[in-house]
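**Student:** In this note's numbering, the protein residues as written are 138 to 657.
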Amino acid sequence: SSLTGLEAISDGVALFKTPEHVNAKRTLVIMSTLLGTLVLGVSYFAHHIHAMPYENGVPTVISQIAKATVGDSGFGTFMFIMVQLATMLILFAGANTTYSAFPLLVNFVAADGYLPRQLTKRGHRLAFSNGILLLAGGGILLVVITAGSVEHLVAFYALGVFTGFTLAGFGMTRYFLRTKPEKWKLKVFVNGLAGSVSLLIVLIFSVVKFTQGAWLVLVTAPIMVFSLLRLRRQYTREQGALSVKSHQERATSMSRHNVTIFIDSVDIATVGAVRYARSLKPHKIKAVHFVIDDRRAEEIQKAWAESEALEDVQLDLIDCPDRRIANSALDYAIRKTEKPDVELTILLPRRSYSRFLGRLLHDQTAEEIAAPISQLERVVATIVPFDVNRITSGKNQLISRPVASSPVAKPEVAKPVQVAPKEFAPVTHHADDVTPIGSIEWRKRSKVHGRVTSISTAPRGSAPMLQVEIWDETGGITLNFLGRREIAGLEVGLEMRAEGMVGEEEGQLTILNPSYELLI
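#1: Distance check for Phe302 and Phe123, CA to CA, integer angstroms please.
#2: Going along the chain, which residues of its own chain have a beta-carbon closer than 6 Å to the beta-carbon of Val554, five neighbours each way excluded?
#3: For the 8 Å Cβ check, are there 3 or more pairs between the region 629–637 and the region 468–486?
#4: Spell out the partners DSSP gives His394 in its beta bridges.
#5: So, is Ala508 buried or exposed, given that buried needs 16 or more other C-beta atoms within 10 angstroms?
#6: Tell whether a beta-carbon distance below 8 Å holds between Asp456 and Thr647.
#7: Rounded to whole angstroms, what is the Cα-Cα separation between Asp658 and Thr502?
#8: Three or more beta-carbon pairs under 8 Å between the region 303–312 and the region 335–346, yes or no?
#9: Could you give the first and the last residue of the continuous alpha helix (DSSP H) run that contains Glu443?
#10: In whole angstroms, what is the alpha-carbon distance linking Thr234 and Thr197?
#11: Quick check: the Cα distance between Asp209 and Ile199, rounded to an integer number of angstroms?
#12: Within 10 Å of its beta-carbon, does Thr155 have 16 or more other beta-carbons around it, so buried, or fewer, so exposed?
#13: Residues in its own chain within less than 7 Å of Pro601 by CB, not counting five upstream and five downstream?
#14: Taking Leu484 and Tyr413 to be in contact with their CB atoms under 8 Å, please state how far apart those CB atoms are, rounded to whole angstroms.
#15: So which of Ser652, Lys204 and Lys421 has the shortest CA-CA distance to Ala188?
#16: Report yes if the C-beta of Glu632 is less than 7 Å from at least one heavy atom of the ligand FMN; otherwise report no.
#17: For Gln512, name the three-state secondary structure that DSSP assigns.
#18: Just reading off the beta strand (DSSP E) that Glu636 is part of, what are its end residues?
#19: Taking only the alpha-carbon atoms, compute the straight-line gap between Leu228 and Leu222 and give it to the nearest angstrom.
#20: How big is the Cα-Cα spacing for Ala463 and Glu505?
#21: In terms of residues, what are the limits of the alpha helix (DSSP H) holding Val298?
#22: Determine the contact status of Val585 and Val605, defining contact as a CB-CB distance below 8 Å.
#23: Could you round the C-beta distance between Gly213 and Val243 to whole angstroms and report it? I think they count as a contact, below 8 Å.
#24: Alpha carbon to alpha carbon, how far is Ala145 from Ala238?
#25: How far does the beta strand (DSSP E) with Leu619 in it extend, from its first residue to its last?
#26: Mind checking Ala232: buried by the 16 CB within 10 Å criterion, or exposed?
#27: By a C-beta neighbour count over all protein chains shown, 10 Å radius and 16 as the cutoff for buried, is Tyr469 buried or exposed?
#28: Could you tell me if Gln371 is buried or exposed, where buried requires 16 or more neighbouring beta carbons within 10 angstroms of its beta carbon?
#29: May I ask you to report which of helix, strand or coil DSSP gives Ile506?
#30: Tell me whether the beta-carbon of Gly637 lies closer than 8 Å to the beta-carbon of Pro651.
#31: Would DSSP call Val550 helix, strand or coil?
#32: Measure how close the beta-carbons of Gly598 and Phe523 come, nearest whole angstrom, since I'm counting them as under 8 Å.
Here it is in structure tokens:
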């Protein structure tokens with residue numbers, strides 16, 4: 138323990154005034170001289186007064202030397218108490234040194250990727266708070282395990298300190314061998330000797346103190362080294378995955394940026410998500426509801442049409458017969474980013490409730506949807522939080538005011554898709570006069586038969602238009618009904634037969650104002 142504090146200087150070089158390395162070197166020389174003098178002095182007096190170390194540690198060797206030096210007079214008793222207090226303060230300062238040096242050390246190690254990166258973050262008081270908490274937790278754990286036994290703690294301490302000295306000595310030896318500065322041979326000899334002596338002490342402590350706790354260090358040290366190397370490998374792998382490759386570079390701005398809001402109800406959280414979508418200034422804004430319950434879908438569609446804040450946003454109802462919303466959302470994102478110049482942002486309104494009851498009473502669908510979507514290229518899943526718990530608890534009073542909607546200059550027609558979604562069973566029974574959707578040709582009159590997978594109604598502030606997407610086992614097509622907003626009895630999941638002239642819109646085939654028949 139006489140070497141306590143020396144390692145703190147090497148860890149805290151950055152804390153010294155400029156020039157840091159010169160001041161640290163001077164401090165190290167002065168401190169080493171003082172410690173050497175103290176060790177020699179204590180050893181000399183202990184030898185001459187025949188001070189005997191007790192097994193239980195009381196009285197200590199230093200207290201015996203102080204008692205023999207100052208005597209039993211009143212002044213001697215006062216000085217004896219002062220020596221004991223000074224010893225206590227020195228031990229306190231030694232323990233506190235760790236809290237200033239250890240966080241710096243783990244900061245360097247974490248910056249190189251051998252410890253979690255959280256240890257490089259400073260707290261609001263500009264200290265490495267996570268490193269301090271880690272040290273405090275480890276110290277408490279050791280005290281609890283050893284029941285505060287100094288005899289067992291010294292084994293941990295000695296092995297740790299001299300292992301550090303060994304690594305430092307051999308590390309500097311390797312450094313001087315590689316760089317070969319002025320008088321490098323002398324420096325190699327000094328550091329090599331220091332590393333060798335420290336290694337010898339580590340081996341002696343490992344044998345002598347093996348049953349007193351050293352075995353735990355010898356077992357855990359290789360495991361920790363292996364774990365740190367694995368952590369470094371993981372950080373390197375992640376950094377390589379995030380690095381931009383030349384063949385992966387693309388323009389930062391796409392020619393078309395569309396925003397889609399996935400909704401499950403029409404409430405203030407949905408309105409907030411739409412407001413945020415407008416602020417992104419996309420090429421097109423659309424809301425999508427995946428239909429699991431037809432009655433609920435009708436209620437949402439009705440509430441959407443009646444809301445003034447949402448009158449300029451198109452609502453699509455998409456069939457989800459297998460009730461797996463995440464899969465339906467994934468297929469939707471794939472279809473909408475079929476062209477390489479289209480980028481899609483999907484907004485997921487999430488209502489935040491109390492931590493315990495909120496998870497118990499409400500689902501976490503937003504996270505389930507965002508996870509697979511985030512793996513797609515040119516698709517960004519953004520969760521828009523809305524704190525319901527803050528309102529219900531009365532911590533925040535929201536002032537309601539009219540929402541100014543941004544009118545859309547020209548509503549855009551939804552594009553038919555080329556890859557069939559996986560959520561429904563395709564229609565396979567064709568009549569003789571029905572053409573498979575995958576076989577229809579441009580500018581030819583065709584009759585098609587498929588299942589309704591999506592219904593889109595133009596925003597209330599624009600010209601009336603209804604878009605219906607139908608699919609069979611060969612493909613899908615969009616039917617555009619101009620001048621109307623609804624078809625009586627039309628629901629997602631129904632089979633529909635339509636006939637009309639096949640046209641083209643934005644590179645995709647479509648049928649405008651076809652004659653139709655609902656097959657119920």
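Where a beta carbon is used, it is the ideal one built from N, C-alpha and C, also for glycine.
In this text, all values refer to a predicted model and were calculated from it rather than measured experimentally.
**Tutor:** Considering the structure as presented:
#1: Residue 123 is absent from the model: the chain starts at 138 and stops at 657.
#2: Its pLDDT being 44, under 50, Val554 is placed unreliably in this model, and the coordinates cannot settle the point.
#3: Flag = no, the region 629–637 and the region 468–486 do not touch.
#4: Glu480
#5: exposed
#6: no
#7: It is not possible to answer for residue 658, since the shown part of the chain is limited to 138 through 657.
#8: yes
#9: Asp431 to Glu443
#10: 23 Å
#11: 16 Å
#12: Exposed, since its Cβ has fewer than 16 Cβ neighbours within 10 Å.
#13: Ala595, Gly620, Arg621 and Arg622
#14: Confirmed, Cβ separation roughly 7 Å.
#15: Lys204
#16: Looking for the ligand FMN in the displayed structure turns up nothing, as the structure carries no ligands at all.
#17: coil
#18: Where Glu636 is concerned, the enclosing beta strand (DSSP E) stretches over Glu632 to Glu642.
#19: 10 Å
#20: 6 Å
#21: Val287 to Thr316
#22: no
#23: Not confirmed; about 46 Å, so no contact.
#24: 5 Å
#25: Gly612 to Leu619
#26: exposed
#27: buried
#28: exposed
#29: helix
#30: Taking 8 Å as the Cβ cut-off, Gly637 and Pro651 qualify as a contacting pair.
#31: Only weak support exists for where Val550 lies, its pLDDT of 40 falling under 50; the value from the coordinates is given anyway. Here Val550 sits in coil by DSSP.
#32: With 8 Å as the limit, Gly598 and Phe523 do not qualify as a contact, their Cβ atoms being about 25 Å apart.
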